[in-house]
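Chemist:
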Amino acid sequence: MKTLRDVAIGETAKVVKIHGTGAVKRRIMDMGITKGVEVYVRKEAPLGDPLELTVRGYELSLRKADAEMIEVA
Amino acid sequence: MADSKITIALAGNPNSGKTTLFNSLTGSNQFVGNWPGVTVEKKEGKLKGNKDVLIEDLPGIYSLSPYTSEEVVSRNFLVDENPDAILNIVDSTNLERNLYLTTQLLELGIPTVIALNMTDLVEKSGDNIDTKKLSERLGVQMAEISALKGTGIDEASKLAVNAAQSKKAPKPAVFSKDVEDALREIEGLLVNVPEHLKRWYAVKLFERDQKLPENIAAYASQAEAIITKIETAHDDDSESIITNERYEYIASVLNGCYGKKKAGELSTSDKIDQIVTNRWLALPIFAAVMWLVYYISVTTIGTFVTDWTNDGLFGDGYYLFGNGRAEYTEAMNEYYTENVWTDEVKANVDKAVEAGITGADDIQAAIADGDYEAFDEAYGFYGSELDEKENGVYSISDTVDTALAEDAPLPANEDYGKWVPGIPVLVENLLDGMGVNDFIKSLVLDGIVAGVGAVLGFVPQMFVLFAFLAFLEACGYMARVAFVMDRIFRRFGLSGKSFIPVLIGTGCGVPGVMASRTIENERDRRMTVMTTTFIPCGAKLPIIALIASALFRKASWVAPSAYFLGMAAIIISGIILKKTKMFAGEPAPFVMELPAYHWPTLTNILRSMWERGWSFIKKAGSIILLSSIVIWLGSTFGWTDGSFGWNPDLELESSVLGAIGNAVKWIFAPLGFAEIKATIATVMGLVAKEEVVGVFGVLDFEGLSKLAGYSFLAFNLLCAPCFAAIGAIRREMNSAKWTWFAIGWQCLLAYIAAFIIYQLGSLFTGTGNIIGGILAIALCALIIWLMVRPYNESQTAKA
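Top to bottom, those sequences are chains Y and B. Residues 1 to 73 (the numbering used here) make up the first sequence, in order. Residues 1001 to 1799 (the numbering used here) make up the second sequence, in order.
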């Protein structure tokens, strides 16, 4: 399974499914990462984590551990 | 404010311009408080020009999920209080995600109006929004506004008031057919539910929301079959199905009325971000910004204004605009050179230095520099030390006291410039004029004025600091701080933004604790509030200096070790507490928006600064005032020559406070300092940490071993902070239970740390007892176990 964590910096990926449950999943989806949306991985933080993404036209930061819950194509 | 006829709830995403809109809607007509039981700020205000309309500012939220306290507070308000209308502010530069909240608001059956913010920016960037078409499709009236420039706001408020009067419920978002059918089926189950809330509850039941009222939750089992069917068809859980459906509905609504130019070129904000969060530059920039904030608010302006408040306004007095200060200092230096620093004094000080008596070198240096202020400080601190040694061979107090009491009068402040007497002086004069008795005079001066003065001394630097924080928050940098620092701090159960409170805490714990307000996550915020005061603040420095000079001959390792102790306490607390039940609860996802950089408005910054500062003065002020009076009573009531009564010149040991200290001093026996003075000093430290030095002078260390002294230092650095900081903790926790938990934890940790230091130390130096040593080792083992024990980490906390 390819997840958002595996997407190289500067690449764009299309979300297939969000795994996990509860608050974290809901929060990720509330922020607009839903099935079918395109996510651009802009950069990682200077210390290597979290990631900065562009989704639905705005910037979002997400920990790599959470990015693993997002299955991409 | 129940007299208002119309209530309008203002709802919107964080960073959507909601605060600015609220400020322009209400002007200065605001009331700031807290939502009950949570640390979420509650603001309401009357609409400018229409006193009948109350605007309730909901917290900035992305959703109405049951998972964060901000969101729960908002939905409870909307459902239970049933406001007459919702004014939903939508950031048009971020339309899709902003409308996501809108789709949830529309389900509540409350008349809703949208204020479309920043449409001017959208046009500038070459995108376009067909507002009319969008308004028709959503079935909601819209006003284009610019909260920043103040345009369109009247129209928005007019639309909202009209909507409130029309009482027309909006049409909710439309989902795909099978989901709609399922929702209608669930709606059909609901009886005795207000008509306008049926859609809302049906959706919440479908999502298996855990925060529903009992009468609604009762339908959950009946709805289960309907939900499962849809879940199987969509191969997803019901909550996610609804979220997906919402975003799909938004896409369908926007299709054809929102044209986005293909993104390609970088915006100004992106260009700033390329530098600010750059792999190599981010940390140096962060360090520079933090240094600047700290330097200006704590070191320069802060110290200057705080000194003026403490020594001038709440001291003897001050020179207007500083005119005359230099001349007066010079005159005083001359006076001291002539009258105080006689050859006899100098000779005795020199002898004392040779004999290596603590503090003598400070006095000697002050005389050599001809600096009367430094001399007064050093003499006040160590003077008695010289007197006691060797039967007064080095004594200088006789000469100094005679010199100061001589016929040659001290230079008078008034002669060197426009001298403004301090408040205590003015109050004393006033009370003398009124002819009140000594008891009242002492109560007012030593109890109330001194207590209030202690609080107000912090206020100026807090205001400076809050202005900086408001700027960093509003311009978007604060989110980057969290982004850059998250990796380090989350290991200790703290947020990336916890760095700021801790840094500020090295100056003063009060603004440090209050700086935690910028942390959105309630759990991280509580943890930060609990641990910030472990770091030695400015007022703890005299204690460190006292121990270092009295017991360790000013060894250079003492001060750094105090900071190390503070950092260790923060880290150990963080790691242990994040594994406890109190902090477990819901996992804290770090899914954070990085808003576009922009210049904040001056009014917003000043308003935010004022609100935070004022709320501290009010809340913390009352606690400090009360506690100062209690401590004052305890220290001035006592036994003089066997009879109990009030005596302002009472020795601390014979006061009520002293009696209490004597009764409880055994508590500190395992820490090595079961002394009445040490106990009183610790209690007095609650008023202000520098009081410890006042009570527990240099002399009192004669009987203490180095180890006991260090144990005393460790305990006083880590235990409950001063009343001002406790007031701030109370203010930020917004809960008595959490405040007591924080203070309890701090005292417990302080006790354990001091215990381990003393007992293990004694063991190594061969004076300890076996039981104490074993206990200390056991405690060490327990702490290590609590830190490394596995626990069910949330998905976010791993890695």
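The C-beta atom is built at its ideal place from N, Cα and C for all residues, glycine as well. As the structure is a prediction and not an experimental result, all values here were calculated from the model.
Near B/Lys1497, which residues of its chain fall below 7 Å by C-beta distance, leaving aside the five closest residues on each side in sequence?
Modeler: As a first step, residue 1497 of chain B is located in the second sequence; it is residue number 497 there, counting from the start. Met1478, Val1481, Ala1482, Thr1518, Ile1519, listed in sequence order.
Chemist: Determine the burial state of B/Trp1280: buried for a count of at least 16 other Cβ atoms within 10 Å of its Cβ, exposed for fewer.
Modeler: For the purposes of this step, residue 1280 of chain B is identified with residue 280 of the second sequence, where counting begins at 1. The residue is exposed, with fewer than 16 neighbouring Cβ atoms inside 10 Å.
Chemist: Spell out the partners DSSP gives B/Glu1593 in its beta bridges.
Modeler: As a first step, residue 1593 of chain B must be located in the second sequence, where it is residue number 593. Paired residues: Y/Leu60.
Chemist: Using a beta-carbon distance cut-off of less than 8 Å, what residues from the segment 1261–1288 of chain B approach chain Y?
Modeler: Cβ contacts with chain Y: Ala1263, Asp1273, Thr1277, Asn1278, Arg1279, Trp1280, Ala1282, Leu1283.
Chemist: Hey, out of B/Glu1651, B/Lys1579, B/Lys1018, whose CA is closest to B/Leu1116's CA?
Modeler: Residue mapping note: residue 1116 of chain B aligns to position 116 of the second sequence, counting from 1. Out of B/Glu1651, B/Lys1579, B/Lys1018, B/Lys1018 has the C-alpha closest to the C-alpha of B/Leu1116.
Chemist: For the beta strand (DSSP E) containing B/Gln1210, name the first residue and the last one.
Modeler: Translated into positions along the second sequence, residue 1210 of chain B becomes position 210. No beta strand (DSSP E) holds B/Gln1210; DSSP gives it neither H nor E.
Chemist: Going straight from the alpha carbon of B/Phe1283 to that of Y/Glu44, what length do you get?
Modeler: Taking the first residue of the second sequence as position 1, residue 1283 of chain B is located at position 283. Taking the first residue of the first sequence as position 1, residue 44 of chain Y is located at position 44. The amino acid at residue 1283 of chain B is misidentified as Phe; the sequence shows Leu. Whole-angstrom Cα-Cα distance: 14 Å.
Chemist: Could you name the residues of the same chain whose beta carbon sits closer than 8 Å to that of Y/Lys35, not counting the 5 residues immediately before and after it, in chain order?
Modeler: Here residue 35 of chain Y is taken as the residue at index 35 of the first sequence, counted from 1. If we look at Y/Lys35 and ignore the five residues flanking it on each side, its Cβ neighbours are Val15, Val16, Lys17, Ile18.
Chemist: Is it right to say B/Ser1643 is buried, meaning 16 or more other beta carbons lie within 10 angstroms of its own, or is it exposed?
Modeler: One-based indexing of the second sequence puts residue 1643 of chain B at position 643. Result: exposed.
Chemist: What number of angstroms, rounded off, separates the C-alpha of B/Asn1769 from the C-alpha of B/Ala1559?
Modeler: In the second sequence, the residue the question calls residue 1769 of chain B occupies position 769. In the second sequence, the residue the question calls residue 1559 of chain B occupies position 559. Distance between the alpha carbons of B/Asn1769 and B/Ala1559 is about 29 Å.
Chemist: Quick check for students: name the residue ranges of the beta strand (DSSP E) that lie wholly in the segment 1060–1110 of chain B, counting only runs of 3 or more.
Modeler: Listed in chain order, they are 1085–1091.
Chemist: Give the residues of chain Y in contact with B/Phe1483, contact being defined as C-beta atoms less than 8 Å apart.
Modeler: One-based indexing of the second sequence puts residue 1483 of chain B at position 483. Under the 8 Å cutoff, chain Y gives Ala45, Pro50, Glu52, Ser61.
Chemist: Compare the C-beta of B/Ser1063 against all C-beta atoms of chain Y and say whether one is closer than 8 Å.
Modeler: To locate residue 1063 of chain B, count along the second sequence from 1; it is residue 63. B/Ser1063 counts as touching chain Y.
Chemist: Is the segment 1605–1623 of chain B close to the segment 1446–1466 of chain B, with three or more CB pairs under 8 Å?
Modeler: In short, these stretches touch, since the Cβ pair count reaches three.
Chemist: With a threshold of 8 Å on Cβ separation, who are the neighbours of B/Thr1342 within its own chain once the five nearest residues in sequence on each side are excluded?
Modeler: The sequence position of residue 1342 of chain B within the second sequence is 342, counting from 1. So the qualifying residues of the chain are Thr1399, Ala1403.
Chemist: Who are the near neighbours of B/Gly1451 in its chain, counting only those whose CB is closer than 6 Å to its CB and skipping five residues on each side?
Modeler: The residue given as residue 1451 of chain B occupies position 451 in the second sequence. Closer than 6 Å at Cβ, skipping near neighbours: Ile1624, Leu1625, Ser1628.
Chemist: Does the beta carbon of B/Val1290 come closer than 8 Å to any beta carbon on chain Y?
Modeler: By 1-based counting over the second sequence, the position of residue 1290 of chain B is 290. The sequence shown places Met at residue 1290 of chain B, not Val. Cβ-Cβ to chain Y under 8 Å: no for B/Met1290.
Chemist: Give the range of the beta strand (DSSP E) segment to which B/Asp1361 is assigned.
Modeler: The count along the second sequence starts at 1 and reaches residue 1361 of chain B at position 361. From DSSP, B/Asp1361 is part of no beta strand (DSSP E) but of the alpha helix (DSSP H) over 1360–1369.
Chemist: Quick one: which residues of the segment 1206–1224 of chain B get their C-beta closer than 7 Å to a C-beta of chain Y? List them in chain order.
Modeler: So nothing in the stretch comes that close.
Chemist: What distance in whole Å lies between the Cβ atoms of B/Gly1509 and B/Ala1725, which are believed to be in contact at a cut-off of 8 Å?
Modeler: Walking along the second sequence from the start, residue 1725 of chain B turns up at place 725. Walking along the second sequence from the start, residue 1509 of chain B turns up at place 509. Right, their Cβ atoms sit about 4 Å apart.
Chemist: In the DSSP output, which residue or residues are listed as bridge partners for B/Tyr1258?
Modeler: For the purposes of this step, residue 1258 of chain B is taken as the residue at position 258 of the second sequence. Note: B/Tyr1258 sits in a beta bridge opposite B/Ile1129.
Chemist: Give me the chain B residues within the contact set of Y/Ile28, using Cβ-Cβ distance strictly less than 9 Å, ordered along the chain.
Modeler: Position 28 of the first sequence, counting from 1, holds the residue named residue 28 of chain Y. Neighbours of Y/Ile28 on chain B, chain order: Pro1589, Val1591.
Chemist: Restricting to runs no shorter than 3 residues, where is the beta strand (DSSP E) found entirely within the segment 1250–1329 of chain B?
Modeler: Those beta strand (DSSP E) runs which fall completely within the segment 1250–1329 of chain B and span 3+ residues are 1317–1319.
Chemist: Three Cβ pairs or more, each shorter than 8 Å: is that satisfied between the segment 1020–1028 of chain B and the segment 1040–1049 of chain B?
Modeler: They touch, by the three-pair rule.
Chemist: Using beta carbons (cut-off 8 Å, strictly below), is B/Asn1088 in contact with chain Y?
Modeler: The count along the second sequence starts at 1 and reaches residue 1088 of chain B at position 88. No - not a single Cβ of chain Y is within 8 Å of the one on B/Asn1088.
Chemist: Taking beta-carbon pairs under 9 Å, can you tell me which members of the segment 10–37 of chain Y lie near chain B?
Modeler: Within the segment 10–37 of chain Y, the residues whose Cβ lies closer than 9 Å to some Cβ of chain B are Lys17, Ile18, Gly20, Thr21, Gly22, Ala23, Val24, Lys25, Arg26, Arg27, Ile28, Met29, Asp30, Met31, Gly32, Ile33, Thr34, Lys35, Gly36, Val37, listed in chain order.
Chemist: Whole angstroms are fine: how far does the CA of Y/Asp66 sit from the CA of B/Lys1798?
Modeler: Residue 1798 of chain B sits at position 798 when you count from the first residue of the second sequence. Residue 66 of chain Y sits at position 66 when you count from the first residue of the first sequence. Because B/Lys1798 sits at a pLDDT of 35, beneath the cut-off of 50, its placement in the model cannot be relied upon, and the point is left open.
Chemist: Considering only C-alpha positions, which residue in the set B/Phe1206, B/Gln1210, B/Pro1542, B/Ile1216 is nearest to B/Asn1192?
Modeler: On the second sequence, position 192 is the one that residue 1192 of chain B refers to. The shortest Cα separation from B/Asn1192 among B/Phe1206, B/Gln1210, B/Pro1542, B/Ile1216 belongs to B/Ile1216.
Chemist: Taking DSSP as the reference, what is the three-state secondary structure of B/Phe1492?
Modeler: Your numbering for residue 1492 of chain B matches position 492 in the second sequence. Residue state, collapsed to three classes: helix.
Chemist: Please look up how many angstroms separate the CB atoms of B/Leu1101 and B/Ile1145, rounded, as I've assumed it's under 8 Å.
Modeler: Along the second sequence, one-based indexing puts residue 1101 of chain B at 101. Along the second sequence, one-based indexing puts residue 1145 of chain B at 145. Between B/Ile1145 and B/Leu1101 the Cβ distance is about 17 Å, and since that is not below 8 Å, they are no contact.
Chemist: In terms of residues, what are the limits of the beta strand (DSSP E) holding B/Asn1117?
Modeler: For the purposes of this step, residue 1117 of chain B is identified with residue 117 of the second sequence, where counting begins at 1. Residues 1112–1117.
Chemist: For B/Lys1540, which residues of its own chain have a beta-carbon under 7 Å away from its beta-carbon, when the five flanking residues on both sides are left out?
Modeler: Against the second sequence, residue 1540 of chain B aligns to sequence position 540. So the qualifying residues of the chain are Lys1689, Leu1717.
Chemist: Who are the neighbours of B/Asp1369 on chain Y, taking C-beta pairs under 7 Å?
Modeler: For the purposes of this step, residue 1369 of chain B is identified with residue 369 of the second sequence, where counting begins at 1. Simply none; closest approach about 46 Å.
Chemist: Determine, for B/Gly1017, whether the minimum Cβ-Cβ distance to residues of chain Y falls below 8 Å.
Modeler: If you number the second sequence from 1, residue 1017 of chain B lands on position 17. Not an interface residue.
Chemist: Determine, for Y/Asp6, whether the minimum Cβ-Cβ distance to residues of chain B falls below 8 Å.
Modeler: As a first step, residue 6 of chain Y must be located in the first sequence, where it is residue number 6. For Y/Asp6, the answer is no, since every Cβ of chain B falls outside 8 Å of its Cβ.
Chemist: Could you check what DSSP says for B/Thr1026 in three-state terms: helix, strand or coil?
Modeler: The residue you call residue 1026 of chain B lines up with position 26 of the second sequence. Here B/Thr1026 sits in helix by DSSP.
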